[in-house]
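Input: a single structure, listed below in structure tokens.
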């Protein structure tokens, strides 16, 4: 798996994911808030499978 998620994209994913999970854990939003685990996982791994079919990469080129 080649990394396709860049630094700013990773930070945004992790922030959004943590926010959703926190809202779900406190009961502010329903169980759908647990979907925040997906952006956390893709942000931490640096790889997003949804980017593959479109050839998208937010990583800087070397």
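Numbering (my numbering), first residue to last: 1155 to 1216. We put the CB at the ideal spot given by N, CA and C, even for glycine. This one's a predicted model, so the numbers in the text were calculated from it and none came from an experiment.
If you count every other CB in all the chains shown that lies within 10 Å of the CB of residue i, and 16 or more means buried, which is it?
{"i": "residue 1161", "result": "exposed"}
{"i": "residue 1187", "result": "buried"}
{"i": "residue 1193", "result": "buried"}
{"i": "residue 1171", "result": "buried"}
Grab the span of the alpha helix (DSSP H) containing residue i for me, first residue to last.
{"i": "residue 1161", "result": "1161-1179"}
{"i": "residue 1183", "result": "Neither: residue 1183 is in no alpha helix (DSSP H) and is coded neither H nor E."}
{"i": "residue 1195", "result": "1191-1199"}
Of all the options the options, which has the alpha carbon lying nearest to the alpha carbon of residue i?
{"i": "residue 1167", "options": "1203, 1211 and 1190", "result": "1190"}
I'd like the list of long-range same chain contacts for residue i, defined as Cβ closer than 7 Å, with 5 residues on each side in sequence excluded.
{"i": "residue 1202", "result": "1158, 1159 and 1196"}
{"i": "residue 1200", "result": "1157, 1159 and 1164"}
Compare the C-beta of residue i against all C-beta atoms of chain B and say whether one is closer than 8 Å.
{"i": "residue 1183", "result": "The chain labelled as chain B is not found in the depicted structure, where only one protein chain is given."}
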